[in-house]
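Residues in the sequence shown are numbered consecutively from 2, following my numbering.
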Amino acid sequence: MQVKYSLDFPGSPSGSIEYIVTHAIQTAAKSGVKMLTFGGGATATLTPGHNISSTKAKILATTYEAIVKQFKLNRKTEFRAKLGAHEDPVYIAYPKHGLGTKGIRAVLNFFED
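Written as structure tokens, this is what we have:
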């Protein structure tokens, strides 16, 4: 089961969204749900994998971290951590010669949703 949307309402008391999500998780557990996910989320740092040189990896990691910070892409991940969620790695595979602008936009859109 996946928690897809949890909305925060302006002017609501502090902790309201945490209470509502916690209640939903407890209700799911009572109905027999054994595993629950919030889905993928952006991490604060990028861990390079295979087939990428150390120079490219460093540039990519620096760029990634700047984008995450500028667009606050890890806010969802930080919220989930407050609720005790454990972060699973997300792997991004891309062609040898790069993603191009459409590919980069697709990755950003994935983490913004």
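No residue lacks a Cβ here, since even glycine has one placed at the ideal position from N, Cα and C.
Judged by beta-carbon spacing, E88 lies within the 9 angstroms limit of G42, meaning their Cβ atoms are closer than that value.
Each of A45, A82 and P90 was checked against the Cα of Q71, and the nearest Cα belongs to A45. Ranking I21, F112 and F80 by CA distance to the CA of I68 puts F112 first. For F80, the enclosing alpha helix (DSSP H) stretches over residues R76 to K83. If you look at L61, you'll find it in the alpha helix (DSSP H) that goes S55 to F72. Each residue's CA atom was taken as its position, placing I93 and G50 some 9 angstroms apart. N52 is a Cβ neighbour of K97, given a cutoff of 9 angstroms.
For V91, no alpha helix (DSSP H) segment is defined, and its DSSP state is neither H nor E. Of all alpha-carbon atoms in H24, E19 and L61, the one lying nearest the alpha-carbon of Y95 is that of L61.
In this structure, L37 and I26 form a Cβ contact; the two beta carbons are roughly 6 angstroms apart against a cut-off of 8 angstroms.
The continuous alpha helix (DSSP H) containing T28 extends over residues S17 to K31. Secondary structure note for F10: it is in no alpha helix (DSSP H), with a DSSP letter that is neither H nor E.
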